[in-house]
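Asker:
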Amino acid sequence: MSGMSNDLLRAARVAAGLTQGQLAERANAEVERLTDGPGAMDADYIGKLERGVHTWPNRSYREALRTVLQVESDADLGFRSSRSRATTLRASPRRANGGDDVERKTFLRALAGSIAGFTLVDPVAEFVASASPTGTYRRIGRAEIDHINHMARMFAGQDHLFGGELSADAAIAQLTSSAQLLNGQFSSETTRRELFAAMGDLADIAAGVCFDAGLHQKAESCFRFAAGCATEVGDWSLRAKALSGMANLAVHQERFDDALSYAEMALVRTDRLTPLVRSVMHTRHARALGSFGVEREMDCITAIRRAEDCFVGRSDNEPEWITYYDSSRLARDCGRALLGLALNGGDYREAQNQLCASIASFPASHSRGKALALANLATLIMSRADPVYAVDLGNDAITSVGQVRSDRVFNALRQLRVAGKRHLSNPAVRDLNRRIGEIMRTG
């Protein structure tokens, strides 16, 4: 029989960026180190711990889980023994509208800890330390939530215009400053949920800015923070968005197994996702599958068809953050998913058609997205078809970059330069590679 769900264990796992299976695997290795005998945990067992079916693992399991998740006590992971009141959190002081104080702070530190690695301080811990001795906390209301939502939209717009490390630093600074609000006192449960959702959205945007600036460790930490906030308040769409961001990052880093795991986690409970969100998640799944090459070709194409079907069925009740996603983005994402197949011997024509359709309809104000699609298409054509046409596309991509500093675009241009090395006897290809080299040096 299930008891109360163990949100602390789940939050610590999410903050560590681990699936239930990955946590079990690492904990088993730690058990073997501690006891010279193998552990027997699996994803199902971790799931039962998180659902509260089991509340008190054996001693070696508890120690292994503490080590893997980097916490100090069993209480930090929500473990409690029915035989000892000392191991529970029941005696923790409570405050109005705030819930269990110790449990709450532990959960928040799990979230804040996911960005503490690149800030000078843990923002939540700093806020708690500066609180008055009487334990009073700032009261959080609509004004703070609106402010965070406004900042999130501002950083998203700024990223489209400029990108780069300067934009990333500004987004991180705002996220770090705002994180302390999570330890405030809320006027209602609705306010608490809306603040976590707003913080998750800001964290996801900060992650995207960092990803595009080439700050991958910071990006992954922010994605984890966003997933943790979304999980805390049951925002399935935002959780899926953050996990799909981690999947894209993993593809970029050529961690293909991780990419597929994150993409499939994002598709958990698709019944809770709106059609347009499902469409995006299926494109991320398709891209992760496509990264494995022709061995997963049919699975990749199936995921693309699902994305297209969901896009057709989009509703008027979509989350605000997904309203930007139009047919040009869908075609770009489908084309990029097929790119891995096409560059490894698969049929390149659909990838070409999808990327061409995206380029033809991409909004003029989003030069980075168009430049990325152009560079991808140029690499495809350079590798599989006509190097002369590829040169024209590559030069268009360079022109489209404009003032936006984007590590993802630069990486796509580097791939184009590598593809062009097969055709260096062509003066136009040599000149294109020279231009790309100059951008790499000055960008």
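Residue numbering for the sequence shown follows my numbering, starting at 1152 and increasing by one per position.
Ideal Cβ placement from N, Cα and C applies to all residues, glycine included.
#1: According to DSSP, which residues form a beta bridge with Arg1290?
#2: Counting pairs of Cβ atoms below 8 Å between the stretch 1190-1209 and the stretch 1401-1420, do you hit three or more?
#3: Alpha carbons only, please: which of Asp1386, Gly1553 and Val1542 is nearest the one belonging to Arg1585?
#4: Can you confirm whether the stretch 1387-1397 touches the stretch 1337-1355 when touching is taken to mean that 3 or more C-beta pairs between the two stretches lie within less than 8 Å?
#5: List, from N- to C-terminal side, the alpha helix (DSSP H) runs of 4 residues or more that fit wholly inside the stretch 1421-1482.
#6: How would you call Pro1514, buried or exposed, if buried means at least 16 neighbouring beta carbons within 10 angstroms?
#7: Figure out for me which residue from Ala1493, Thr1421 and Pro1426 has the closest Cα to the Cα of Ala1529.
#8: Quick check on DSSP: helix, strand or coil for Arg1406?
#9: According to DSSP, is Pro1595 helix, strand or coil?
#10: Mapping the DSSP letters down to three states, classify Ala1541 as helix, strand or coil.
#11: Put Tyr1413 into one of helix, strand or coil per three-state DSSP.
#12: With a threshold of 6 Å, establish whether the CB of Ser1466 neighbours any heavy atom of the ligand SAH.
#13: With the cut-off set at 7 Å, would you say Val1445 and Asn1495 are in Cβ contact?
#14: Could you tell me the boundaries of the alpha helix (DSSP H) in which Asn1504 lies?
#15: Over what stretch of residues does the alpha helix (DSSP H) that includes Gly1379 continue unbroken?
#16: Quick one: Cα of Asn1504 to Cα of Thr1382, how far?
#17: Would the beta-carbon of Arg1483 fall within 7 Å of that of Ala1524?
#18: My output table needs one value for Met1305: the three-state DSSP class, helix, strand or coil.
#19: Put Pro1578 into one of helix, strand or coil per three-state DSSP.
#20: Taking Ala1307 as the reference, give the member of Ser1318, Ser1339 and His1298 with the closest Cα.
#21: In three-state DSSP terms, what is Met1350?
#22: Enumerate in chain order the residues of its own chain whose CB-to-CB distance from Ala1508 is below 7 Å, with the five nearest sequence positions on each side excluded.
#23: For the alpha helix (DSSP H) containing Leu1160, list its first residue and its last residue.
#24: Need the endpoints of the alpha helix (DSSP H) that Ala1194 sits in, please.
#25: Between the alpha carbons of Glu1589 and Ser1512, how many angstroms are there, rounded?
#26: Buried or exposed: where does Glu1223 fall if 16 or more other Cβ atoms within 10 Å of its Cβ makes it buried?
#27: Is it buried or exposed, Lys1572, if we count other Cβ atoms within 10 angstroms and call 16 or more buried?
#28: Does the beta-carbon of Glu1448 have 16 or more other beta-carbons within 10 angstroms, so that it is buried, or is it exposed?
#29: Whose C-beta lies closer than 7 Å to the C-beta of Leu1185 among residues of the same chain, with five residues either side of it excluded?
#30: Note the first and the last residue of the continuous alpha helix (DSSP H) segment covering Met1155.
Answerer: Here's the rundown:
#1: Gln1336
#2: In this structure the stretch 1190-1209 does not lie against the stretch 1401-1420, because fewer than three pairs of beta carbons, one per stretch, are closer than 8 Å.
#3: Closest by alpha carbon: Val1542.
#4: yes
#5: 1426-1441 and 1448-1463
#6: exposed
#7: Ala1493
#8: coil
#9: Nothing in the structure corresponds to residue 1595, since the chain is present only between 1152 and 1594.
#10: helix
#11: helix
#12: You won't find the ligand SAH in this model; it holds no ligand whatsoever.
#13: yes
#14: Arg1500 to Ser1512
#15: From DSSP, the alpha helix (DSSP H) with Gly1379 extends over His1367 to Val1384.
#16: So the two alpha carbons sit approximately 38 Å from each other.
#17: yes
#18: helix
#19: helix
#20: Ser1318
#21: helix
#22: Here Ala1508 has Ala1482 as same chain residues with Cβ atoms under 7 Å from its own Cβ, once five neighbours each way along the sequence are excluded.
#23: For Leu1160, the enclosing alpha helix (DSSP H) has its first and last residue at Asp1158 to Ala1166.
#24: Ala1194 to Arg1202
#25: 29 Å
#26: Flag for Glu1223 reads exposed.
#27: With fewer than 16 other Cβ atoms within 10 Å, it is exposed.
#28: With 16 or more neighbouring CB atoms inside 10 Å of its own CB, Glu1448 falls in the buried class.
#29: Ser1211, Glu1214 and Ala1215
#30: No alpha helix (DSSP H) holds Met1155; DSSP gives it neither H nor E.
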